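Colleague: Counting from 1038, one number per residue, gives the positions in the sequence shown under our numbering. We put the beta carbon where it would ideally sit given N, CA and C, even for glycine. Computed from a predicted structure; not experimentally measured. Questions regarding the structure given below will be posed in turn.
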Amino acid sequence: MMKKEFKITGGVYLVLDPAMPESLLLQKLEAALHGGLSALQIWNNWTEGTDKFKLIEAIAALCRPYDVPLFINEDWQLLMTTSFIDGVHFDTIPANYNSILASVGRPFMAGITCSDDLDTVRWANEQQLDYVSFCAMFPSPSAGTCDIVMPATVRQARSITTIPIFVSGGITPSNLVTLKKETPFDGVAVISGILSADEPQQQVQIYKDALGINNQ
């Protein structure tokens, strides 16, 4: 695996919905960055006619001063056409991962959704990915068709790998505190829990409090 510029250890991982109005999206993102994000992903939910490169560049410009890595969901080919993306998040194990590495030809980060599947965790560990994310821990509109993941599965994952584990899907600060008592993980991935908040900066800090990392 090629050397990477950033290192993810946990924290609050924001997933952006590019279908939101651009001005509102960037406003919410800037506020959330002030709260202290660890990573950012652009969800593969583009509306027709969106200028992807323009929006990616605008998002990256906000991220850079905070040293927050920017991931693209699934669309790894964008890694070859813009330098503003730092990594790719896969929804499932790609059949041609070695070919992707060769095609991109530059260092990039990678993470993957595990659902309730420990084989995906094993694959991620073998490939030395930067993180895994379990979806969904609780029912959530944005989690789509994700299976509900049992805390025991996350505990088993921790015995398989030392790479950072994120939980997502219906996560609130309240149930995050409870979940943290049941199973070990390093961070939380959130969409609506932050983007729908009136004060995204404050909401990020509340999630960090629930993770016990607000002073980091």
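Are there three or more Cβ pairs, one per stretch, closer than 8 Å when the segment 1209-1219 is compared with the segment 1240-1248?
Modeller: Flag = yes, the segment 1209-1219 and the segment 1240-1248 touch.
Colleague: Going by Cα to Cα distance, which pick from Val1214, Val1225, Asp1167, Ser1229 is closest to threonine 1199?
Modeller: Nearest C-alpha to threonine 1199: Asp1167.
Colleague: In whole angstroms, what separates the C-alpha of leucine 1153 from that of glycine 1072?
Modeller: Rather than leucine, the amino acid found at residue 1153 in this sequence is aspartate. One C-alpha to the other measures close to 30 Å.
Colleague: Would alanine 1076 pass as a contact of isoleucine 1045 if the rule is Cβ separation under 8 Å?
Modeller: Their beta carbons are under 8 Å apart, which means alanine 1076 touches isoleucine 1045 by this criterion.
Colleague: Return the first residue and the last residue of the beta strand (DSSP E) that phenylalanine 1255 is part of.
Modeller: Any answer about residue 1255 is impossible in this case: the structure gives the chain only from 1038 up to 1253.
Colleague: Buried or exposed, going by whether 16 or more other CB atoms sit within 10 Å of the CB of asparagine 1110?
Modeller: Its Cβ being crowded by 16 or more others within 10 Å, asparagine 1110 is buried.
Colleague: Once you ignore the five residues that flank methionine 1039 on each side, which residues in its own chain have a CB closer than 7 Å to its CB?
Modeller: Only weak support is given to the placement of methionine 1039: the predicted model assigns it a pLDDT of 44, under 50, and the value that follows is read from those uncertain coordinates. Here the set comprises Pro1144.
Colleague: Could you pull the DSSP bridge partners for threonine 1150 from this structure?
Modeller: Note: threonine 1150 sits in a beta bridge opposite Ser1170.
Colleague: Glycine 1073 lies in the alpha helix (DSSP H); which residues open and close that run?
Modeller: Glycine 1073 -> no alpha helix (DSSP H), and no H or E assigned at all.
Colleague: For phenylalanine 1145, list the residues DSSP reports as bridge partners.
Modeller: Answer is none; phenylalanine 1145 lacks a bridge partner.
Colleague: Can you name, in chain order, every residue of its own chain whose Cβ lies under 7 Å from the Cβ of leucine 1092, other than the five neighbours on each side?
Modeller: Pro1055, Glu1059, listed in sequence order.
Colleague: So what does DSSP say about leucine 1248, is it helix, strand or coil?
Modeller: Of the three classes helix, strand and coil, the one that applies to leucine 1248 here is helix, per DSSP.
Colleague: I'd like the span of the beta strand (DSSP E) that includes isoleucine 1109, first residue to last.
Modeller: Note, isoleucine 1109: beta strand (DSSP E), 1107-1110.
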